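Novice: What follows is a structure written as structure tokens; I'll ask about it next.
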Amino acid sequence: MQKDQIAEVLTRFPSLAELTSEEWQEEGISITTVPANFTIDEGEFLENAPLILDGLVRIFKLSSDGREVTLYRLTAGECCPLIASSILGETVYEASACVEKPSLVLNVPTKIYKKWIEKHQDFRQYIFQSFARRLIIMSNLIDDINFKSIRVRISEYLIEHTSAENDTLAITHDLLAIELGTAREVISRTLKKMEKEGLLRVARGQITDIKRSRLPTDE
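Numbered by this note's numbering, the letters in the sequence shown go through residues 15 to 233 in order.
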């Protein structure tokens, strides 16, 4: 690792500031660009722990019937706690990951990654905080799936991803189903009903004329 590379990593992961120059030069540590659509499949044993320096990665689960459920996304300065869990527990990866935008990644061999966690308190605390944040996100996702109607979940998603100035969202029914962890048919049927109620309009690859103030958020 060159000095300028280390400096770049530290801007994203200041918790690694305790590492010595010798630790940065250990064999296998590298920065790579990962192309869009690169995937890590559930059930894989990981050889490296990726730390995201730039880009966007989606973490998801695949059900037995082939449906995808998005758990969360990773951006610059983040790592996947489920990857950390599989490395620390020496188990297979319990989710799948897909690179949505070309991403710059610090790859750390698993043995070195475990050593960093054991030796450096700041990095260990960062990993534990990542666990806590993602646990809350996944807990909220479970609550949403179990206790909220699909109408409300669609409404909340549309409100979150639009604004008063922009009432159009470019998204397919397939992608919306993946985001909300349900079937495409359920999304299409619900959107059709909402369109009849005058809450929105459905077009190819997008949802337009979204009446944000009228969308149901509690029913």
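Beta carbons: idealized from backbone N, C-alpha and C, even for Gly.
This structure is a prediction, so every number in the text was calculated from the model and none was measured.
Between the beta-carbon of leucine 60 and the beta-carbon of isoleucine 97, is there less than 9 Å?
Specialist: Sequence index remark: in the sequence shown, residue 60 carries index 46 (1-based). Sequence index remark: in the sequence shown, residue 97 carries index 83 (1-based). Against a cut-off of 9 Å, the Cβ pair of isoleucine 97 and leucine 60 comes out as a contact.
Novice: Should the stretch 68-78 be regarded as contacting the stretch 126-145, the criterion being three or more beta carbon pairs within less than 8 Å?
Specialist: Output reads no: the stretch 126-145 does not touch the stretch 68-78.
Novice: Using only the alpha-carbon positions, how far apart do alanine 63 and threonine 186 sit?
Specialist: For the purposes of this step, residue 63 is taken as the residue at position 49 of the sequence shown. For the purposes of this step, residue 186 is taken as the residue at position 172 of the sequence shown. Rounded to whole angstroms, alanine 63 to threonine 186 spans 32 Å at the Cα level.
Novice: Can you give me the Cβ contacts of phenylalanine 52 inside the same chain, cut-off strictly under 8 Å, excluding the 5 residues immediately before and after it?
Specialist: Here residue 52 refers to the residue found at position 38 of the sequence shown. Contacts found: Cys112 and Val113.
Novice: What would DSSP say about leucine 118, mapped onto helix, strand or coil?
Specialist: For the purposes of this step, residue 118 is taken as the residue at position 104 of the sequence shown. Three-state DSSP puts leucine 118 in a strand.
Novice: Run through the DSSP bridge pairs and tell me what lysine 133 is partnered with.
Specialist: Within the sequence shown, residue 133 is the residue found at index 119, counting from 1. Answer is none; lysine 133 lacks a bridge partner.
Novice: So what does arginine 72 bridge to, in DSSP terms?
Specialist: What you label residue 72 is simply residue 58 of the sequence shown in a count that begins at 1. For arginine 72, which the question treats as bridged, DSSP gives the partners Arg87 and Cys112.
Novice: Pick out whichever of Lys210, Thr47, Arg81 and Leu205 has its Cα sitting closest to the Cα of proline 116.
Specialist: Stepping through the sequence shown from its first residue, residue 116 is reached at position 102. The shortest Cα separation from proline 116 among Lys210, Thr47, Arg81 and Leu205 belongs to Thr47.
Novice: Classify glutamate 58 as buried or exposed, calling it buried when 16 or more other Cβ atoms lie within 10 Å of its own Cβ.
Specialist: One-based indexing of the sequence shown puts residue 58 at position 44. Exposed.
Novice: Can you grab the Cα-Cα spacing for the pair glutamate 41 / valine 122, in whole Å?
Specialist: Along the sequence shown, one-based indexing puts residue 41 at 27. Along the sequence shown, one-based indexing puts residue 122 at 108. Whole-angstrom Cα-Cα distance: 9 Å.
Novice: Mapping the DSSP letters down to three states, classify alanine 191 as helix, strand or coil.
Specialist: Position 177 of the sequence shown, counted from the first residue, corresponds to residue 191. DSSP places alanine 191 in helix when its eight states are reduced to three.
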